[in-house]
Amino acid sequence: MGEIEVDVVVMGLGVGGEEAAGRLAAAGLNVVGVENTLVGGECPYWGCVPTKMMVRAGSAIAEAWRIPGLAGVATVTPDWEPVAKRIREAATDDWNDKVAVDRFTGKGGHFVRGTAEAVGPNKVQVNDQVYVATRGIVIATGTSAVIPPIDGLAGTPYWTNRDVVELEVLPSTLLVLGGGAIGVELAQVLARFGVQVTIIEGSSRLLAMEEPESSEVAATALAADGVTIRAGVHATKVSYEEGFTVSLDDGSTLTGEKLLVATGRAARLAGLEALGVDTSARFVKTDEWLRAGDKVWAVGDVTGNGAFTHMAMYEADIAVRDILGQGGPAADYRAKPRVTFIDPEIGAVGLTEKQARDAGLDVRVGYVPLSSTTRGFIHGPGNDGFIKLVAAGGVLVGATTAGPAGGEMIGALSVAVHASVPVSTLHSTIWAYPTFHRGIGSALEGLLQ
Ligand SMILES: Cc1cc2nc3c(=O)[nH]c(=O)nc-3n(C[C@H](O)[C@H](O)[C@H](O)COP(=O)(O)OP(=O)(O)OC[C@H]3O[C@@H](n4cnc5c(N)ncnc54)[C@H](O)[C@@H]3O)c2cc1C
Ligand SMILES: NC(=O)c1ccc[n+]([C@@H]2O[C@H](COP(=O)([O-])OP(=O)(O)OC[C@H]3O[C@@H](n4cnc5c(N)ncnc54)[C@H](O)[C@@H]3O)[C@@H](O)[C@H]2O)c1
């Protein structure tokens, strides 16, 4: 088997890998980008983009339901067909990545379709060809759905996010295992399209990693859309015969036509051993330059620093600058933003109150329910939400903004946490009236008391 010398091999061309490989190729390096599925990865084909198209459709239905009492009468007949069509045709090009491949090769990159396996500290094999990377290797293999070892589950035709995104026809009932980001977003959308949805969440609340107030808002919103929430219970057995039966550890059973498993993500670590990566760990350990070893970098979901597209892009940028010797800022994870796209949207950045207290910080909290703000009052139906600020040492260390524009409101607070803007400066800021984000000014009052 011959060996080909190149500058860089990028393993996996999802969000992070495509960004890193494209940038390095555009900078004039000889880059081999390897992808075994679709260039672009989970986000455009089975993640962010198609699921947010679903959310957009579900939100349109919910807004129409809010017309009575506000603007007259509306008759809504939800239909999944236009949603499936938009996902198939506009979002995913029928799950075809030609445009993305061309984008990469157009920058001068060399694309190889296949599974990359490290066969030496600087060698990657794909389809019987070995590439020797003289400048470095970028690991960007991402994550796949975790399937928990529940008795009977493995042998059933359970769904993951991929099956839901590819749906043409909706089931009448759906059990959702896991009440994290994927579980709550998909549960709400499908409920709005008439599916009877039950979420089974092992911990005591939905969105367990976020503020308890976020969990409460999410639970209220989902319940209002008809979703049944079973929190604090664990599935002990799953069986399938025409439909699913799930036994729970409180002795009860649930049945549903389909079962979606949304219990988290596991890093794809196969084939990385030869790079010196500890594949017994959950994720690839990296330093502040995303270095995972000598001439080895890792970016995106696989690092465990936050399974979000913006994190994959952020880390790819840092690794690229390091490989090219361009300097600039290294990774700083204090102001990690995230948005759960339910209605109301839940934006968050930095630490939750509990995380800040657990870190030993002298914490102050500001809180305002959105309905008590002028814009919340004006908005009326659909105004559920709140703004919560977590401060320590005179700066914000975290914030949550839940509401109709929760994902947008968090932008200002991301800047505040990232740039350590003094609370006094935030307090003297003029917040436009009557916006939702003006509530930040009211929440700040709580920090000054
Ligand atoms: C349902 C869902 C909704 C989401 N919504 C959002 C959202 O709204 N906002 C947000 O920021 N994030 C969202 N995410 C997360 C987002 O999709 C990921 O954070 C992002 O895709 C990570 O990019 P990545 O490049 O690290 O990994 P991936 O996108 O997983 O890409 C890794 C790529 O590597 C390939 N690969 C793996 N191993 C090999 C190998 N050995 N050889 C060759 N190729 C290989 C895979 O096929 C894959 O294409 C969502 C995820 C899901 C599942
Ligand atoms: N809007 C967004 O940005 C967005 C949307 C979807 C996904 N994502 C990313 O994808 C990641 C994965 O999403 P996810 O929802 O699969 O994972 P998650 O980690 O967010 O949530 C998984 C949930 O499943 C529960 N769980 C685990 N095992 C269980 C079991 N056996 N029975 C019952 N419950 C169980 C956990 O307690 C947790 O609440 C997210 O963490 C996020 O990083 C982001």
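Each residue of the sequence shown is one higher than the last, beginning at 1 in the UniProt record's numbering.
Backbone N, C-alpha and C define an ideal beta-carbon position, used for all residues, glycine too.
Per DSSP, the continuous alpha helix (DSSP H) segment holding alanine 416 begins and ends at 406–418. Arginine 103: member of the alpha helix (DSSP H) spanning 98–106, first to last residue. Here the C-alpha atom of glycine 180 lies approximately 11 Å from the C-alpha atom of alanine 231. Annotated three-state conformation of valine 32 is strand, per DSSP. In this structure, DSSP gives arginine 282 a state outside helix and strand, which the three-state scheme calls coil. Put simply, of Glu445, Gly226, Phe436, Gly411 the residue whose alpha carbon is nearest the alpha carbon of histidine 427 is Glu445.
For alanine 62, the enclosing alpha helix (DSSP H) stretches over residues 48–65.
In this structure alanine 235 is in contact with leucine 248, their Cβ atoms being roughly 6 Å apart against a cut-off of 8 Å. Tyrosine 333 and asparagine 305 have their C-alpha atoms some 8 Å from each other.
In the structure shown, arginine 192 adopts helical secondary structure according to DSSP, grouped into three states. By DSSP's assignment, isoleucine 387 forms a beta bridge with Val368, Thr401. Tyrosine 433 sits exposed, since fewer than 16 C-beta atoms from the chains shown fall within 10 Å of its C-beta.
Counting along the chain, serine 239 sits inside the beta strand (DSSP E) bounded by residues 235–241. Here the stretch 285–303 does not lie against the stretch 174–191, with fewer than 3 beta-carbon pairs under 8 Å apart.
Remark: C-beta atoms of leucine 269 and valine 302 approach each other more closely than 9 Å. A distance criterion of 8 Å places the beta-carbon of serine 252 beyond contact range of ligand 2, judged by its closest non-hydrogen atom.
Per DSSP, the continuous alpha helix (DSSP H) segment holding valine 320 begins and ends at 309–323. If you look at arginine 357, you'll find it in the alpha helix (DSSP H) that goes 353–358. For histidine 427, the Cβ stays outside the 8 Å cut-off from all heavy atoms of ligand 1.
CA-to-CA, the gap between glutamate 3 and glutamine 129 works out to about 7 Å.
A direct Cα-Cα distance of roughly 42 Å separates phenylalanine 377 from aspartate 93. Remark: fewer than three beta-carbon pairs, one from each stretch, lie closer than 8 Å, so the stretch 246–264 and the stretch 377–391 are not flagged as touching. In terms of Cβ geometry, threonine 134 and alanine 145 do not form a close pair [threshold 9 Å].
Excluding sequence positions up to five before and after glycine 226, its CB lies within less than 8 Å of the CB of Ala191, Gln196, Val197, all in the same chain and listed in chain order. Beta-bridge partners assigned by DSSP to threonine 255: Thr245. Excluding the 5 residues flanking it on each side, alanine 392 has same chain C-beta neighbours closer than 8 Å at Ala356, Leu361, Asp362, Val363, Arg364, in chain order. Here arginine 375 really is in contact with threonine 435; their C-beta atoms are around 6 Å apart, less than 8 Å. Approximately 14 Å separates the beta-carbon atoms of leucine 206 and alanine 224; this is outside 8 Å, ruling out the contact. Taking 8 Å as the cut-off, the C-beta of isoleucine 410 does not count as close to any heavy atom of ligand 2. Here alanine 399 is buried. Its C-beta has 16 or more other C-beta atoms within 10 Å. In this structure, tryptophan 80 has its CB at a distance of at least 8 Å from all heavy atoms of ligand 1. As the crow flies, the alpha-carbon of alanine 208 is around 40 Å from that of asparagine 122.
Short of 6 Å from the beta carbon of valine 349, and not among the five residues preceding or following it, lie these beta carbons of its own chain, in chain order: Ala335, Pro337, Ala399, Ile410, Leu413, Ser414, Val417. Distance from the CA of threonine 156 to the CA of arginine 88, rounded to the nearest whole angstrom, comes to 26 Å.
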